[in-house]
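Q: Sharing a structure below in structure tokens format, with a few things to ask.
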Amino acid sequence: MVETLSSVSDPEIPVLTVLDLGVIREAIEKDGIIYIKLTPTYSGCPAMDVIGDDLKKAFSEIGKQAKVELVLSPAWSSDWISEEGLQKMEEYGIARPLSESNDIDVLLNSKKLVKCPQCQSTNTHLVSQFGSTACKALFKCDDCLEPFDYFKCLK
Amino acid sequence: MSNLYNYILTIADNSLILAQRLGELCGHGPSLETDIALTNISLDLLGQTRSYYQYAAKLKGEDKTEDDIAFLRIEREYKNCLLVEQPNTHFGYTIGRQFLFDVYHLMLMEKLQNSPDETLSAIAKKGIKEVSYHKRFSSDWVKRLGDGTEESNQKMQEAINDLWRFTDELFFMTEAEKAMAKEGIGIDVSTFKEKYYKEVSEVLKEATLTVPENKYFTKGGKEGVHSEHMGYILADLQYMQRTYPNMQW
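Chain order of the listed sequences is A and B. First residue of the first sequence: 510, per the working numbering; consecutive thereafter. First residue of the second sequence: 2, per the working numbering; consecutive thereafter.
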């Protein structure tokens, strides 16, 4: 089961599996059917439909039927991303979420705390509070000049 | 139809129509960053709308789906307030509309999260996290434009002056809202009216803008009597389902 679940990745951040991301709240097998409870990162996240379909497909490939249910409560938090997931994310070029109060400071551009995933400098600044997806903000490094995504803290 | 069903739509339709308005800016925002931000906000609102409509569809039964509620109602059946249907006249106007709505929206979600209705509470808890970001974005821009150049200040002031008359309707209680508040499931929005105007005024002052003193307010949207803009919004929104019934992506 875990093996099949971890074969499904986030379509937007393909290095992260659904387990790394912490969106699987429950997966149980009953009478030969796999029941999965999936929680969305953001309400309107279009990746959720894709993840649901990918899960069903992954289980059908090992001859199992999966039923996916979307649950809203408790609401997903960026704290649920595993440490392994955070490391993979950084290697992929996305800065990891900061604590809630630091997150507000960096999103208002009042402190320089976000570490550039390319050169590790914290001499970075906010370009846009919203990035390529709702869960990320756009930053730029003032040392190596590379733009990058920052995964926002959601609590 | 039940009060709960109507109550859900009163909240959800605001999100749908505002999402549609913001969606119009996809590819047309004044800069890449603001374009992405506004459409991301649109997406959050649309996600929230879906959760509400799925719940409403379940209550209605009769094999109704969220799509029936979104696409197959007539204008008088939409319960959104007049504020959210106002057009994207210019960026300052879009920001003003967003700001005046976000402050209200967050206060509503903060109350709704304590509703004994588990679904509404779950949607609100999820929504709070997103709406906090929206409010931060819009109030930040109100300050930047208000406290910006002479022209941006003037445009922001005109936008606030013009949109002000729609703010009172946010606190108008429909029959469904009154009934649900009485049952303890819905929120008596009048309880945070004062808090709303206080917070809005504080941001406007920080933005070096003048708080309008206009006491002429207009309402109607929440009871289905919309402004001239609504028909155009629905024509755009409903076109596909009306032309190709039951089509799916």
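By construction, the Cβ of each residue, glycine as well, lies at the ideal position given by its N, Cα and C atoms. Computed from a prediction, not measured in an experiment: that's the story for all the values here.
Sorted by chain position, which residues of the same chain lie with C-beta nearer than 6 Å to PRO520(A)'s C-beta, five sequence neighbours on each side aside?
A: Same-chain partners within the cutoff: ALA556 and VAL559.
Q: Quick one: measure Cβ to Cβ for SER587(A) and PHE660(A), integer angstroms, because I've assumed they're closer than 8 Å.
A: 7 Å
Q: Could you give the distance in angstroms between the alpha-carbon of ASN4(B) and the alpha-carbon of LEU171(B)?
A: 18 Å
Q: Give me the Cα-Cα distance between PRO583(A) and GLN155(B), rounded to the nearest whole angstrom.
A: 44 Å
Q: Would a C-beta distance cut-off of 8 Å place TYR6(B) and LYS61(B) closer than the cut-off?
A: Yes, Cβ-Cβ distance for TYR6(B) and LYS61(B) is below 8 Å.
Q: Taking just the CA atoms, how far does MET510(A) sit from TYR94(B)?
A: 52 Å
Q: Relative to the C-alpha of SER518(A), which candidate in GLY541(A), ASP562(A) and ILE543(A) has its C-alpha closest?
A: ASP562(A)
Q: Which word fits ARG22(B), buried or exposed, when buried means at least 16 other C-beta atoms lie within 10 angstroms of its C-beta?
A: buried
Q: Where SER637(A) and ASP540(A) are concerned, what is the direct C-alpha to C-alpha distance, given to the nearest angstrom?
A: 49 Å
Q: Any idea which residues DSSP pairs TYR544(A) with across the strands?
A: Paired residue(s): ILE537(A) and LYS576(A).
Q: Any beta-carbon of chain A closer than 8 Å to the one on ARG166(B)?
A: no
Q: Which of the three DSSP states, helix, strand or coil, is assigned to ASP658(A)?
A: strand
Q: Short of 6 Å in beta carbon distance, which residues of its chain neighbour THR548(A), apart from the five on each side in sequence? Order them along the chain.
A: VAL532, ARG534, VAL580 and TRP585
Q: Cα separation between ASP658(A) and MET174(B)?
A: 42 Å
Q: Use the C-beta contact count for SER16(B): other C-beta atoms within 10 angstroms, 16 or more gives buried, fewer gives exposed.
A: SER16(B) comes out buried.
Q: Buried or exposed for HIS634(A), going by 16 or more other Cβ atoms inside 10 Å?
A: Exposed, because fewer than 16 other Cβ atoms sit within 10 Å of the Cβ of HIS634(A).
Q: Looking only at its own chain, which residues have a Cβ that is under 6 Å from the Cβ of GLN49(B), when we skip the five neighbours before and after it?
A: SER16 and GLY128
Q: Let me know the secondary structure DSSP gives HIS106(B) once reduced to three states.
A: Three-state result, HIS106(B): helix.
Q: Please compile the residues from chain A whose C-beta is within a distance smaller than 8 Å of the C-beta of ASP45(B).
A: The contacting residues are TYR551, SER552, GLY553 and ALA643.
Q: Can you tell me which of the three DSSP states SER637(A) falls into?
A: strand
Q: Within a Cβ cutoff of 8 Å, which residues of the same chain sit near LYS196(B), ignoring the five residues on either side of it in sequence?
A: MET108
Q: Just how far apart, CA to CA, sit TYR217(B) and ARG166(B)?
A: 6 Å
Q: Considering Cα atoms alone, identify which of GLU63(B), PRO88(B), LEU113(B) and SER153(B) is closest to PHE193(B).
A: LEU113(B)
Q: Using beta carbons (cut-off 8 Å, strictly below), is VAL636(A) in contact with chain B?
A: yes
Q: Would the beta-carbon of ALA643(A) fall within 8 Å of that of CYS554(A)?
A: Yes, they are a contact pair.
Q: Quick one: what does DSSP say ILE603(A) is sitting in, helix, strand or coil?
A: strand
Q: Using only the alpha-carbon positions, how far apart do CYS27(B) and LEU33(B) sit?
A: 10 Å
Q: So if DSSP puts THR168(B) in a beta bridge, which residue, or which two residues, is it bridged to?
A: Beta-bridge pairing links THR168(B) to no other residue.
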